[in-house]
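Trainee: First, the structure itself, so that you have it in front of you.
Number of protein chains: 2
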Amino acid sequence: MPREFELIERYFAPLARGFAGAYGLLDDAAVIAPAPGHELVAKTDAIVAGVHFLPDDPPELVARKALRVNLSDLAAKGALPRAYMVDLMLPRTLSEAWIAAFARGLAEDQDEYGVHLIGGDTDSTPGPVTIAVMAFGEVPAGRLLRRGGARAGDTVFVTGTIGDAALGLEVLRGALPDLDTKAAGFLVDRYHLPLPPVTLGPRLPGLASAAIDISDGLVADLGHVCEVSGLAAVVEATRVPLSAAARAVLAASPGRIATVLTGGDDYEILFTAPAHAAAELAELSRALEAPITPIGRMRAAQTGKERVSILDHAGRPLSFDRGGWSHFP
Amino acid sequence: MPREFELIERYFAPLARGFAGAYGLLDDAAVIAPAPGHELVAKTDAIVAGVHFLPDDPPELVARKALRVNLSDLAAKGALPRAYMVDLMLPRTLSEAWIAAFARGLAEDQDEYGVHLIGGDTDSTPGPVTIAVMAFGEVPAGRLLRRGGARAGDTVFVTGTIGDAALGLEVLRGALPDLDTKAAGFLVDRYHLPLPPVTLGPRLPGLASAAIDISDGLVADLGHVCEVSGLAAVVEATRVPLSAAARAVLAASPGRIATVLTGGDDYEILFTAPAHAAAELAELSRALEAPITPIGRMRAAQTGKERVSILDHAGRPLSFDRGGWSHFP
Numbered sequence: 001m002p003r004e005f006e007l008i009e010r011y012f013a014p015l016a017r018g019f020a021g022a023y024g025l026l027d028d029a030a031v032i033a034p035a036p037g038h039e040l041v042a043k044t045d046a047i048v049a050g051v052h053f054l055p056d057d058p059p060e061l062v063a064r065k066a067l068r069v070n071l072s073d074l075a076a077k078g079a080l081p082r083a084y085m086v087d088l089m090l091p092r093t094l095s096e097a098w099i100a101a102f103a104r105g106l107a108e109d110q111d112e113y114g115v116h117l118i119g120g121d122t123d124s125t126p127g128p129v130t131i132a133v134m135a136f137g138e139v140p141a142g143r144l145l146r147r148g149g150a151r152a153g154d155t156v157f158v159t160g161t162i163g164d165a166a167l168g169l170e171v172l173r174g175a176l177p178d179l180d181t182k183a184a185g186f187l188v189d190r191y192h193l194p195l196p197p198v199t200l201g202p203r204l205p206g207l208a209s210a211a212i213d214i215s216d217g218l219v220a221d222l223g224h225v226c227e228v229s230g231l232a233a234v235v236e237a238t239r240v241p242l243s244a245a246a247r248a249v250l251a252a253s254p255g256r257i258a259t260v261l262t263g264g265d266d267y268e269i270l271f272t273a274p275a276h277a278a279a280e281l282a283e284l285s286r287a288l289e290a291p292i293t294p295i296g297r298m299r300a301a302q303t304g305k306e307r308v309s310i311l312d313h314a315g316r317p318l319s320f321d322r323g324g325w326s327h328f329p
Numbered sequence: 330m331p332r333e334f335e336l337i338e339r340y341f342a343p344l345a346r347g348f349a350g351a352y353g354l355l356d357d358a359a360v361i362a363p364a365p366g367h368e369l370v371a372k373t374d375a376i377v378a379g380v381h382f383l384p385d386d387p388p389e390l391v392a393r394k395a396l397r398v399n400l401s402d403l404a405a406k407g408a409l410p411r412a413y414m415v416d417l418m419l420p421r422t423l424s425e426a427w428i429a430a431f432a433r434g435l436a437e438d439q440d441e442y443g444v445h446l447i448g449g450d451t452d453s454t455p456g457p458v459t460i461a462v463m464a465f466g467e468v469p470a471g472r473l474l475r476r477g478g479a480r481a482g483d484t485v486f487v488t489g490t491i492g493d494a495a496l497g498l499e500v501l502r503g504a505l506p507d508l509d510t511k512a513a514g515f516l517v518d519r520y521h522l523p524l525p526p527v528t529l530g531p532r533l534p535g536l537a538s539a540a541i542d543i544s545d546g547l548v549a550d551l552g553h554v555c556e557v558s559g560l561a562a563v564v565e566a567t568r569v570p571l572s573a574a575a576r577a578v579l580a581a582s583p584g585r586i587a588t589v590l591t592g593g594d595d596y597e598i599l600f601t602a603p604a605h606a607a608a609e610l611a612e613l614s615r616a617l618e619a620p621i622t623p624i625g626r627m628r629a630a631q632t633g634k635e636r637v638s639i640l641d642h643a644g645r646p647l648s649f650d651r652g653g654w655s656h657f658p
């Protein structure tokens, strides 16, 4: 493998073109200033081969996923993505072709999301490929969407469709052998490559009262919003938006609703908003051609009760304890 | 080991107190805004057990070194440090005591440097402990000190003393058995715990023309400044500031000057400045009680010649090729 300097010059410096404060990665730090009246939003998330991705996953996809999981958080906080840094810990045995493909993946997503590489670090490791990404966005001052802003009576919304990535992982594990190839391919794609709603997210400040990106699973992440907001929530499972592929899975095995609602890796936005925002949200959804679906509502917490209640088609509560699901007795 | 949420609540959320935009680490991103008229400076550097530190190094020291190598870059760029994020990739077998000690190390340095933890990520890894730090500072808009600003005739300065950390590593390797214990201890301390001049660095914009932190070694880092500035430099080895311990090493084995000048891990600032800044720099050095030493000067590059020339006490050029040193024939 070439030395760090050559790696940077060959593969990473080209990704810094177009961002003045990156100084072509020739300096030791980057300068970034938010637009007037804005604040910077910073987020970091790391992924490890063998834990978050498979060692033989295509490096382009690994790069894009590493970046997108960070852009997802920025979007859910209402921030417009601007730049990112990457620390790469690489085994000495890794081929230069791997790095070249990884950089190509970053380049593709830079075009897709309008962000630039502004810094980073490459090190050797005796362990697995490890990738730490720090993403920078900007938000109008004081307008960051937080977990804790929900109020009782607010509607709970999600963007996109839910459960595709978690079902995609099931496909990769061989757990859905009867699914048709096209649906299986769609779900696997959603597992490999999240589609964070980076255009929609920055439109939510002023409309949403609280927001979070769905990475731990809809039930868990709604639970986080409930906890920090000091509230509870009820969700109608039948209103959770599903892709055609997910609907096909559930038609054959309804029990997979647990995977859909708790599996995670969705990288969509879950947010709450007061009733009077509904019309504007519907208009926004149409304008951006981005699904925004009401799935439930926030309510006061009750001592000794679950924060998040999921109701089935008949209004009966479902329980997702211990990773499975069941009707309450 | 406790789950991520408990680790954050127990060890890391306390480190975020005092920085409003960190939201107690309860949200998924942090907000940071530079002071009016300033820009943010971002830097990231990662360290890996078995590569940058030893697996049984005290976790407090590992934490502080991981943070300080980043603060060093901010200082060398003229930036005032404000905040940082940490991604921790930890083996499942790691004890909670290790994490507690690591967090204590961060807490100590937060007090020392006036910075706050504002975000991060913890993940398990089948590999060695891996720590990625991203540090944020601020600099008056347009005043970042860069590698490329030096001019022919500028004086080359360094802060602090040079070579202590590299000699400390030699002590740890058993290569300096005759050194007295006190001197050996001093050098090892400097290897384990850099002392980046974070107060001095932010005073340099307006005085220095170019700057870099010395991590690769004085010769290599001066070479970086020369290259980006399109110049060459000459350094008088006898003017390079040494600690008493380093002087003791060189008295016994003069050849160790190669280690001093090329060993690296100094985390001091090398900078260039025009002649008219000399008086103000001397005053600054006195006021901060921080050594600033002129060691050479910048000059025009000559085709086919080394960028960096080091002269011995008699004005003869030394060569540090192949990691050793010799007089030119």
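Sequence order for the protein chains is A and B.
Going by our numbering, the final residue of the first sequence carries number 329, and the count climbs one at a time with no gaps.
Going by our numbering, the final residue of the second sequence carries number 658, and the count climbs one at a time with no gaps.
Ideal Cβ placement from N, Cα and C applies to all residues, glycine included.
Spell out a yes or no on whether the segment 42–59 of chain A and the segment 15–22 of chain A are touching, meaning 3 or more CB-CB pairs, one atom from each, closer than 8 Å.
Mentor: no
Trainee: Which runs of the alpha helix (DSSP H) spanning at least 4 residues fall entirely within the segment 199–234 of chain A, listed in chain order?
Mentor: 218–229
Trainee: So, at 6 Å on beta carbons, what are the nonlocal neighbours of Gly105/A in its own chain, with the 5 sequence-adjacent residues on each side left out?
Mentor: Glu60, Ala63, Arg64
Trainee: Quick test of the definition: if touching needs 3 or more C-beta pairs under 8 Å, does the segment 519–539 of chain B touch the segment 634–646 of chain B?
Mentor: no
Trainee: I believe Leu496/B touches Thr588/B by the beta-carbon criterion, under 8 Å. Please report the beta-carbon distance rounded to the nearest angstrom.
Mentor: 6 Å
Trainee: For Thr490/B, I'd like the list of residues in its chain whose CB is within less than 6 Å of its CB, leaving aside the five on either flank, ordered along the chain.
Mentor: Pro570, Leu571, Ser572
Trainee: Taking any Cβ of chain B, which residues in the segment 49–61 of chain A have a Cβ under 9 Å from it, in chain order?
Mentor: Ala49, Gly50, Val51, His52
Trainee: Step through the CB atoms of chain A and report whether any lies within less than 8 Å of the CB of Lys372/B.
Mentor: yes
Trainee: Which same chain residues, not among the five before or five after Ala408/B, have their C-beta less than 8 Å away from its C-beta?
Mentor: Around Ala408/B, the same chain offers Val370, Gly466, Glu467, Val468, Leu473, Gly530, Pro531 as residues with beta carbons nearer than 8 Å, after the five sequence neighbours per side are excluded.
Trainee: For Glu467/B, does the three-state DSSP call read helix, strand or coil?
Mentor: strand
Trainee: Under 8 Å, Cβ to Cβ, is there at least one residue of chain A near Asp542/B?
Mentor: With respect to chain A, the C-beta atom of Asp542/B has a partner C-beta closer than 8 Å.
Trainee: Determine, using beta carbons only, whether Thr130/A and Met89/A come nearer to each other than 8 Å.
Mentor: yes
Trainee: Does Arg151/A get closer than 8 Å to chain B when you measure Cβ to Cβ?
Mentor: Not closer than 8 Å to any Cβ of chain B, the Cβ of Arg151/A fails to qualify, so no.
Trainee: How about Ala345/B: is its C-beta nearer than 8 Å to some C-beta of chain A?
Mentor: So no, Ala345/B is outside the interface.
Trainee: Is it buried or exposed, Phe334/B, if we count other Cβ atoms within 10 angstroms and call 16 or more buried?
Mentor: exposed
Trainee: List the whole-angstrom C-beta distance separating Thr454/B from Gly127/A, where the pair is believed to meet the contact cut-off of C-beta under 8 Å.
Mentor: 6 Å
Trainee: Any C-beta of chain A within less than 9 Å: which residues of the segment 502–524 of chain B qualify?
Mentor: Correct list: empty, as no residue qualifies.
Trainee: Apart from the five residues just before and just after Ala334/A, which ones in its own chain have a Cβ nearer than 6 Å to its Cβ?
Mentor: The structure shown does not extend to residue 334/A, since chain A is modelled only from 1 through 329, so no value can be given for it.
Trainee: How would you write the range of the alpha helix (DSSP H) that Asp518/B sits in, first residue to last?
Mentor: Start and end: 510–521.
Trainee: Considering Ile413/B, what are the terminal residues of the beta strand (DSSP E) in which it resides?
Mentor: Note that residue 413/B is Tyr in the sequence shown, not Ile. Taken as a continuous stretch (DSSP letters only), the beta strand (DSSP E) holding Tyr413/B covers 409–419.
Trainee: Please work out which residues of its chain come closer than 7 Å, Cβ to Cβ, to Val563/B, disregarding the five sequence neighbours upstream and downstream, and give them in chain order.
Mentor: Closer than 7 Å at the Cβ level, and outside the excluded window around Val563/B, lie Gly625, Arg626, Arg628, Ser638, Leu640.
Trainee: For Gly119/A, tell me which candidate among Met134/A, Asp109/A, Glu108/A has the shortest Cα-Cα distance.
Mentor: Met134/A
Trainee: For a cutoff of 8 Å on Cβ pairs, would you count Pro202/A as touching chain B?
Mentor: no
Trainee: Return yes when the Cβ of Leu231/A is within less than 8 Å of the Cβ of Ala152/A, no when it is not.
Mentor: Judged by beta-carbon spacing, Leu231/A lies within the 8 Å limit of Ala152/A, meaning their Cβ atoms are closer than that value.
Trainee: Counting contacts by CB-CB distance shorter than 8 Å, is Thr601/B in contact with chain A?
Mentor: no
Trainee: Within 8 Å of any Cβ in chain A, is that where the Cβ of Arg421/B sits?
Mentor: No, because no Cβ of chain A sits closer than 8 Å to the Cβ of Arg421/B.
Trainee: Let's test the definition: count the other Cβ atoms within 10 Å of the Cβ of His224/A and tell me whether it reaches 16, buried, or not, exposed.
Mentor: So His224/A counts as buried.
Trainee: So which of Phe271/A, Arg3/A, Ala290/A, Val198/A has the shortest CA-CA distance to Ser95/A?
Mentor: Arg3/A
Trainee: Report the neighbours of Asp402/B on chain A: residues whose CB is nearer than 7 Å to its CB, in chain order.
Mentor: Asp28, Ala29
Trainee: Could you compute how far the alpha carbon of Ala245/A sits from the alpha carbon of Glu227/A?
Mentor: 32 Å
Trainee: Hey, how far is the Cα of Ser326/A from the Cα of Phe271/A?
Mentor: Any reading at Ser326/A needs caution, since the residue's pLDDT is 45, under 50, leaving its predicted position unreliable; the model's value is listed next. Computed Cα separation, rounded: 26 Å.
Trainee: I want to verify the contact list: residues of chain A whose CB lies under 7 Å from the CB of Lys634/B, in sequence order.
Mentor: Residues of chain A passing the Cβ test: none, with the nearest at roughly 21 Å.
Trainee: Using alpha carbons as the reference points, say which of Pro91/A, Pro194/A, Pro197/A, Ala165/A lies closest to Ala183/A.
Mentor: Measuring from the Cα of Ala183/A, the nearest candidate turns out to be Ala165/A.
Trainee: Sorted by chain position, which residues of the same chain lie with C-beta nearer than 7 Å to Ala602/B's C-beta, five sequence neighbours on each side aside?
Mentor: Asp483, Thr484, Phe486, Leu536, Ala537, Ser538, Leu610
Trainee: DSSP three-state label for Leu336/B, please.
Mentor: Per DSSP, reduced to three states, the secondary structure at Leu336/B is helical.
Trainee: Our contact map puts Ala237/A next to Leu261/A with C-beta atoms below 8 Å; I'd like the distance itself, whole angstroms only.
Mentor: Confirmed, about 7 Å.
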